[in-house]
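Asks: Chain order of the listed sequences is W and F. All residue numbers for the first sequence refer to the UniProt record's numbering, where the first residue is 1 and numbers rise by one. All residue numbers for the second sequence refer to the UniProt record's numbering, where the first residue is 1 and numbers rise by one. Before we start, here is the structure in question, set down as structure tokens.
Protein chains: 2
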Amino acid sequence: MTDENARHTEKMNKIKAARDRMMANKTEEKGLIMVHTGPGKGKSSSGFGMIMRCISHGMPVAVVQFIKGNWATGERDFLRTHFPDEVKFHVSGEGFTWETQDRERDIAKAEAGWELAKELIRDPANRFVMLDEINIALRNDYLNIDDVVDFLLEEKPDMTHVLLTGRNAKPELIEAADLVTEMSLVKHPFRDGIKAQQGVEF
Amino acid sequence: MTDENARHTEKMNKIKAARDRMMANKTEEKGLIMVHTGPGKGKSSSGFGMIMRCISHGMPVAVVQFIKGNWATGERDFLRTHFPDEVKFHVSGEGFTWETQDRERDIAKAEAGWELAKELIRDPANRFVMLDEINIALRNDYLNIDDVVDFLLEEKPDMTHVLLTGRNAKPELIEAADLVTEMSLVKHPFRDGIKAQQGVEF
């Protein structure tokens with residue numbers, strides 16, 4: 001086994017042990033660590049669907065969006081217009097789109113988003129916290145995966161759900177999570193020259 | 001090639017031809033036939049996320065739910081409470097859950113739902129129509145797949161999006177659709193004895 005493999009195995013075992021410790025203290029009702037990943041559609045939209053359920057149940061929600069993109073404008077406008085009290089909505093990447101070519105600035109934005117996310121998760125009043133597209137920041141190593149996983153396993157309040165979205169979720173996060181869904185693309189209209197559609201894509 | 005294979009190929013070619021005819025008349029902007037399938041989570045929730053986008057854009061929405069289940073109570077209550085004007089919400093299976101052992105009644109409910117769905121889709125005022133869990137009715141042959149596919153390809157107004165959800169989507173529907181997403185289950189908390197959670201599952 002190479003050193004790298006050994007380190008990987010050790011790390012995964014450590015995450016599993018932390019997860020087992022956390023599970024040992026649980027009753028059957030608990031807040032979940034959830035991941036929506038894969039190249040298909042619906043990773044963020046299904047999170048917004050869950051937000052509707054939470055609002056319906058009177059569970060306060062917080063969202064930190066790690067990338068600003070047109071694709072989420074509809075949901076953001078919707079929540080800000082109709083549910084400013086029920087949902088705290090933050091865009092850590094406001095004003096940039098990962099296309100700035102300014103890595104230092106991107107890292108600073110991602111770190112600011114993560115600091116805010118930790119604050120929101122630590123407050124047990126927030127029952128559902130969505131970290132939208134954080135997997136992109138993790139994949140680019142703008143955030144440290146160990147810091148994120150350790151925080152979720154050690155500091156997340158028992159009854160808080162946290163949803164992390166974005167393609168290419170890191171294996172450490174999948175190991176730590178309770179519920180992981182992969183969205184795969186079977187067929188996409190862009191292949192046929194159809195452009196992005198209002199209501200579907202944004 | 002067996003007779004059955006030959007029939008299948010002929011049928012698929014017919015669907016493809018109908019789809020090509022429809023596409024030939026399109027500009028690059030069009031209403032889409034969309035399918036969310038697979039055993040994973042998020043098939044319905046991401047549809048409800050799209051509904052939020054549509055409301056935000058002022059696009060009228062209609063939903064026909066082909067199975068009544070607790071899992072969707074949150075979304076249904078949410079839409080009925082907050083957006084009774086923006087979203088027409090119908091439950092064709094109200095009062096039954098596919099567990100009635102009464103196949104005739106289930107078929108009658110599914111057919112009533114499909115009649116209503118056609119009426120809603122034919123009205124071009126409805127810009128997004130969600131047929132929630134219709135794939136279950138199709139898979140059980142409570143509805144005829146050819147009728148459904150023919151209707152969508154021939155009668156759906158140009159700018160209307162239709163979303164069909166549920167696991168085990170039939171191949172004819174996938175052939176007819178513009179956008180197909182498969183949700184796969186990577187990890188699920190029920191395996192660890194955690195029960196369904198408010199805000200996540202219902």
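Just so you know, even glycine gets a beta-carbon here, dropped at the ideal spot from N, CA and C.
State the DSSP-derived secondary structure class of residue 32 of chain W, mapped to helix, strand or coil.
Replies: Position 32 of the first sequence, counted from the start, is the residue given in the question as residue 32 of chain W. Coil.
Asks: I believe residue 156 of chain W touches residue 121 of chain W by the beta-carbon criterion, under 8 Å. Please report the beta-carbon distance rounded to the nearest angstrom.
Replies: Mapped onto the first sequence, residue 156 of chain W falls at position 156. Mapped onto the first sequence, residue 121 of chain W falls at position 121. With 8 Å as the limit, residue 156 of chain W and residue 121 of chain W qualify as a contact, their Cβ atoms being about 6 Å apart.
Asks: Would residue 75 of chain W pass as an interface residue toward chain F - the criterion being a Cβ-Cβ separation below 9 Å?
Replies: Position 75 of the first sequence holds residue 75 of chain W. So yes, residue 75 of chain W belongs to the interface.
Asks: Closest to residue 166 of chain W by CA distance: which of W:10, W:131, W:57 is it?
Replies: Here residue 166 of chain W corresponds to residue number 166 of the first sequence, with the count starting at 1. Ranking the options by Cα distance to residue 166 of chain W, first place goes to W:131.
Asks: Less than 6 Å between C-beta atoms, sequence neighbours within five positions excluded: which residues of the same chain meet that for residue 163 of chain W?
Replies: As a working note, residue 163 of chain W is residue 163 in the first sequence. Non-local beta-carbon contacts of residue 163 of chain W in its own chain, meaning distances under 6 Å to residues more than five positions away in sequence, involve 34, 47, 130 in chain order.
Asks: What span of residues does the alpha helix (DSSP H) with residue 132 of chain F cover, start to end?
Replies: Your numbering for residue 132 of chain F matches position 132 in the second sequence. For residue 132 of chain F, no alpha helix (DSSP H) encloses it; the enclosing beta strand (DSSP E) starts and ends at 128-132.
Asks: Going by DSSP in three states, residue 12 of chain W sits in which element: helix, strand or coil?
Replies: On the first sequence, residue 12 of chain W is found 12 positions in, with the first residue counted as 1. Correct three-state label for residue 12 of chain W: helix.
Asks: Report back the beta-carbon spacing between residue 49 of chain F and residue 58 of chain W to the nearest angstrom; my notes put them in contact at under 8 Å.
Replies: The count along the second sequence starts at 1 and reaches residue 49 of chain F at position 49. The count along the first sequence starts at 1 and reaches residue 58 of chain W at position 58. Contact flag wrong, Cβ pair sits at about 20 Å.
Asks: How many angstroms separate the CA atom of residue 66 of chain F from the CA atom of residue 141 of chain W?
Replies: As a first step, residue 66 of chain F must be located in the second sequence, where it is residue number 66. As a first step, residue 141 of chain W must be located in the first sequence, where it is residue number 141. So the two alpha carbons sit approximately 44 Å from each other.
Asks: Using CA coordinates, which residue listed in W:182, W:172, W:161, W:119 is at the minimum distance from residue 18 of chain W?
Replies: Position 18 of the first sequence, counted from the first residue, corresponds to residue 18 of chain W. Distances from the CA of residue 18 of chain W to each of W:182, W:172, W:161, W:119 were compared; the closest alpha carbon is that of W:172.
Asks: Taking 9 Å as the CB-CB cut-off, is residue 95 of chain W touching chain F?
Replies: Taking the first residue of the first sequence as 1, we reach residue 95 of chain W at position 95. With a pLDDT of only 47 at residue 95 of chain W, under the threshold of 50, the placement of this residue in the model should not be trusted; the figure read from the coordinates follows. Residue 95 of chain W does not count as touching chain F.
Asks: Of all Cβ atoms in chain W, is any one closer than 9 Å to the Cβ of residue 136 of chain F?
Replies: As a first step, residue 136 of chain F is located in the second sequence; it is residue number 136 there, counting from the start. Chain W, which has no Cβ nearer than 9 Å to the Cβ of residue 136 of chain F, makes this no.
Asks: Verify whether the separation of the beta carbon atoms of residue 203 of chain W and residue 184 of chain F is less than 9 Å.
Replies: Only positions 1 to 202 of chain W appear in this structure, which leaves residue 203 of chain W out of reach.
Asks: In the DSSP assignment, the alpha helix (DSSP H) including residue 183 of chain F goes from what residue to what residue?
Replies: By 1-based counting over the second sequence, the position of residue 183 of chain F is 183. From DSSP, residue 183 of chain F is part of no alpha helix (DSSP H) but of the beta strand (DSSP E) over 179-187.
Asks: Does residue 52 of chain W have its Cβ less than 9 Å from a Cβ in chain F?
Replies: If you number the first sequence from 1, residue 52 of chain W lands on position 52. For residue 52 of chain W, the answer is yes, since a Cβ of chain F falls inside 9 Å of its Cβ.
Asks: Using a Cβ-based criterion (distance less than 8 Å to any ligand heavy atom), does residue 82 of chain W qualify as near the ligand PLP?
Replies: With respect to the ligand PLP, the structure offers nothing, as it holds no ligand at all.
Asks: Span of the beta strand (DSSP E) holding residue 57 of chain F?
Replies: Translated into the one-based positions of the second sequence, residue 57 of chain F becomes position 57. Bounds of any beta strand (DSSP E) do not take in residue 57 of chain F, whose DSSP letter is neither H nor E.
Asks: Could you tell me whether the Cβ of residue 183 of chain F comes closer than 9 Å to any Cβ of chain W?
Replies: Locating residue 183 of chain F in the second sequence gives position 183, counting from the first residue. For residue 183 of chain F, the answer is yes, since a Cβ of chain W falls inside 9 Å of its Cβ.
Asks: At a CB distance below 9 Å, what residues from the stretch 31-42 of chain F approach chain W? Give them in sequence order.
Replies: 31, 32, 34, 35, 36, 37, 38, 40, 41, 42
Asks: Would you report the Cα separation of residue 137 of chain W and residue 143 of chain W, rounded to the nearest angstrom?
Replies: In the first sequence, residue 137 of chain W corresponds to position 137, counting from 1. In the first sequence, residue 143 of chain W corresponds to position 143, counting from 1. So the two alpha carbons sit approximately 6 Å from each other.
Asks: Could you tell me the boundaries of the beta strand (DSSP E) in which residue 163 of chain W lies?
Replies: The residue labelled residue 163 of chain W in the question sits at position 163 within the first sequence. Counting along the chain, the beta strand (DSSP E) containing residue 163 of chain W begins and ends at 161-165.
Asks: Tell me which residue opens and which closes the alpha helix (DSSP H) that residue 78 of chain F is part of.
Replies: Mapped onto the second sequence, residue 78 of chain F falls at position 78. That run of the alpha helix (DSSP H) goes 73-82.
Asks: Mind checking whether residue 176 of chain F and residue 15 of chain F have CB atoms under 9 Å apart?
Replies: Against the second sequence, residue 176 of chain F aligns to sequence position 176. Against the second sequence, residue 15 of chain F aligns to sequence position 15. In contact: residue 176 of chain F and residue 15 of chain F (Cβ atoms closer than 9 Å).
Asks: Between which two residues does the alpha helix (DSSP H) holding residue 151 of chain F run?
Replies: As a working note, residue 151 of chain F is residue 151 in the second sequence. Here the alpha helix (DSSP H) through residue 151 of chain F covers 145-155.
Asks: Closest to residue 111 of chain F by CA distance: which of F:126, F:92, F:75 is it?
Replies: As a working note, residue 111 of chain F is residue 111 in the second sequence. Selected option, being the one with the closest Cα: F:92.
Asks: Keeping to the same chain, check which residues put their C-beta closer than 6 Å to that of residue 139 of chain W; ignore five residues upstream and five downstream.
Replies: Here residue 139 of chain W corresponds to residue number 139 of the first sequence, with the count starting at 1. Correct list, in chain order: 168.
Asks: Can you tell me the Cβ-Cβ gap for residue 63 of chain F and residue 90 of chain F, rounded? I've got them flagged as a contact below 8 Å.
Replies: Your numbering for residue 63 of chain F matches position 63 in the second sequence. Your numbering for residue 90 of chain F matches position 90 in the second sequence. Between residue 90 of chain F and residue 63 of chain F the Cβ distance is about 7 Å, and since that is below 8 Å, they are a contact.
Asks: Rounded to the nearest angstrom, what separates residue 87 of chain F and residue 60 of chain F at their Cα positions?
Replies: By one-based count along the second sequence, residue 87 of chain F stands at place 87. By one-based count along the second sequence, residue 60 of chain F stands at place 60. The straight-line gap from Cα to Cα measures roughly 6 Å.
Asks: Can you pull the chain W residues whose beta carbon is under 8 Å from the beta carbon of residue 78 of chain F, in chain order?
Replies: Position 78 of the second sequence, counting from 1, holds the residue named residue 78 of chain F. Those are 52, 53, 55, 56, listed as they occur along chain W.
Asks: Find out if the Cβ-Cβ distance for the pair residue 181 of chain W, residue 186 of chain F is shorter than 9 Å.
Replies: By one-based count along the first sequence, residue 181 of chain W stands at place 181. By one-based count along the second sequence, residue 186 of chain F stands at place 186. Contact check for residue 181 of chain W against residue 186 of chain F passes: the beta carbons are separated by less than 9 Å.
Asks: Can you confirm whether residue 221 of chain W, when its beta carbon is compared against all beta carbons of chain F, has any partner nearer than 9 Å?
Replies: Residue 221 of chain W falls outside the range modelled here, since chain W spans only 1 to 202, and no answer is possible.
Asks: According to the Cβ coordinates, are residue 40 of chain W and residue 53 of chain F closer than 9 Å?
Replies: Residue mapping note: residue 40 of chain W aligns to position 40 of the first sequence, counting from 1. Residue mapping note: residue 53 of chain F aligns to position 53 of the second sequence, counting from 1. Contact flag unset, no.
Asks: Hey, quick one: how far does the beta strand (DSSP E) through residue 88 of chain F stretch, first residue to last?
Replies: Your numbering for residue 88 of chain F matches position 88 in the second sequence. Element bounds for residue 88 of chain F: 87-91.
Asks: Any C-beta of chain F sitting closer than 9 Å to the C-beta of residue 48 of chain W?
Replies: Against the first sequence, residue 48 of chain W aligns to sequence position 48. Yes, residue 48 of chain W counts as interfacial toward chain F.
Asks: What does residue 174 of chain F reach in chain W if we use C-beta pairs closer than 9 Å?
Replies: Along the second sequence, one-based indexing puts residue 174 of chain F at 174. Per Cβ cutoff of 9 Å: 186, 187.
Asks: Which one of F:104, F:31, F:115 has the shortest CA to CA distance from residue 125 of chain F?
Replies: Along the second sequence, read from residue 1 onward, the residue named residue 125 of chain F stands at position 125. Nearest of F:104, F:31, F:115 to residue 125 of chain F, Cα basis: F:31.
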